[in-house]
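Okay, here's the thing in structure tokens:
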């Protein structure tokens, strides 16, 4: 395994939202009223970023993803200052993908044009639903009219944008989901992330389970409806929740799923780096924004770090690559880990015995049955 051959991305975390959604388990916090921490936070991001220069080993960045939280709350001039620091410290591939997450309730034409002018070339918008009643149940701050207006601005500004939409929402019916799908298709987006609502620990929804969560059979019907409808509309179902028009697959997420490397900066952000000696380093930054900023400015925002043991690498590798519908080449495991195919032969045999992987195995990919029982398949490699 040669570390400099492994693609490298950058993840940037903005930890604030206008309001915390009851289903969200991301490291996000309600932004104090009448406060704009953009300048101080970007100072911390830049300081944090510089500590990863050596870890990059002169590799160019193939993608940058600015997530959160609600990064569209960042002042464009501050985001420009940050991206300038990235360019000053790292080389970038000529066709680098730079994504900004945005929420419909926090955007306007001026901001979108400003983001585009400073180099953002892909937008990811958290629509979640086009149904006003469902949006209320989710605790979103926007309504369907605002969602369509934001999408119109995105269409006029970006030629590559994703919409996040959720299904299996409280009291949602199949006909309501069909409406969501048709609305999403009508928006002419290049990418869709359709994902199931899950009740994550330490969220309001987990503590106070909303009424009307669809049962298992209905959720399976919903999953089938999402896949068949979007595939018929010309989207490639290339990842568990990812659907892309031709040539518009998310390069940043693909690097994750192909077990590439990524550096990170921002409160609670995680990085995965292959070192020169082939060992895999994982780092986690301080989660609380104030603590993160203080530590970053003082010299290191790293709260925890560890080397991934060889015994853990099979599960981490499979946890990612098996999310891809077409999987990855068998050679990738020796290129991205300390493992060889023989190291996991017993696990593969077990998966094949259950019909979760094909026999003979030509790629690391789930069989049709394995795709339906993906967590069970991934768990075989623990």
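In full-length UniProt numbering, the protein residues as written are 1 to 382.
C-beta atoms are modelled at their ideal positions from N, C-alpha and C, and glycine is treated no differently.
Just so it is clear, the structure is predicted and the values come from calculations on it, not from any experiment.
Asked	Found
With 16 other Cβ atoms within 10 Å as the buried cut-off, status of residue 285	buried
Whole runs of the alpha helix (DSSP H) within the region 246-288, excluding any shorter than 4 residues	251-257
Where the beta strand (DSSP E) containing residue 365 begins and where it ends	Note, residue 365: premise wrong, no beta strand (DSSP E); not H, not E.
Among 331, 14, 214 and 186, the one whose alpha carbon lies nearest that of residue 174	214
Nearest-angstrom Cβ-Cβ length linking residue 56 and residue 8, presumed shorter than 8 Å	6 Å
Nearest residue (CA-CA) to residue 347, options 378, 368, 323 and 103	378
Spatial distance of residue 136 from residue 18 (CA atoms)	15 Å
Sequence-distant residues of the same chain with beta carbon closer than 7 Å to residue 235, five excluded per side	192, 243, 244 and 245
Cβ-Cβ distance between residue 67 and residue 101 below 8 Å	yes
Closest by C-alpha distance to residue 305, when choosing among 337, 296 and 271	271
Distance between residue 96 and residue 72 (C-alpha atoms, nearest Å)	20 Å
Cβ shell of residue 275 (< 8 Å), same chain only, five flanking positions each side left out	3, 55 and 281
Identity of the residue in 157, 326, 206 and 302 nearest residue 258 by Cα	326
Three-state secondary structure (DSSP) of residue 164	strand
Residues of its chain near residue 154, where Cβ-Cβ distance is below 7 Å and the 5 sequence neighbours each way are ignored	112, 123, 125 and 161
Burial state of residue 183, where buried means 16 or more other Cβ atoms lie within 10 Å	buried
Nearest-angstrom beta carbon gap, residue 38 and residue 60 [assumed within contact, 8 Å]	With a Cβ gap of about 27 Å, residue 60 and residue 38 do not count as contacting.
Cβ-Cβ separation, residue 40 to residue 293 (assumed contact under 8 Å), whole Å	6 Å
Buried versus exposed, by CB contacts within 10 Å (16 or more), residue 263	buried
C-alpha gap between residue 53 and residue 133, whole angstroms	47 Å
Cβ shell of residue 119 (< 6 Å), same chain only, five flanking positions each side left out	83 and 98
Of the residues 172, 249, 265 and 251, the one placed nearest residue 218, counting alpha carbons only	172
Residue 324 versus residue 34: straight-line alpha-carbon distance, rounded	43 Å
Cβ neighbour criterion (16 or more within 10 Å) applied to residue 15	buried
Residue 46 versus residue 164 - alpha carbon distance	28 Å
Helix, strand or coil at residue 292 [DSSP, three-state]	helix
Residues near residue 374 in its chain [Cβ-Cβ closer than 8 Å; skip 5 each side]	240, 322, 323 and 366
Of the listed residues 93, 279 and 266, nearest to residue 301 (C-alpha basis)	266
Continuous alpha helix (DSSP H) stretch holding residue 377: start and end	374-379
Span of the beta strand (DSSP E) around residue 308	Residue 308 -> no beta strand (DSSP E), and no H or E assigned at all.
Residue-chain proximity (residue 21, chain C), Cβ-Cβ < 8 Å	In summary, chain C is missing from the structure at hand, where a single protein chain is found.
Segment limits, alpha helix (DSSP H) that includes residue 109	109-117
Burial state of residue 261, where buried means 16 or more other Cβ atoms lie within 10 Å	buried
Residue 331 to residue 250 span [Cα, whole Å]	23 Å
Integer Cβ distance of residue 199 from residue 206, believed to fall under 8 Å	5 Å
Start-to-end residues for the beta strand (DSSP E) that takes in residue 39	Run containing residue 39: none in the beta strand (DSSP E); it sits in the alpha helix (DSSP H), 38-50.
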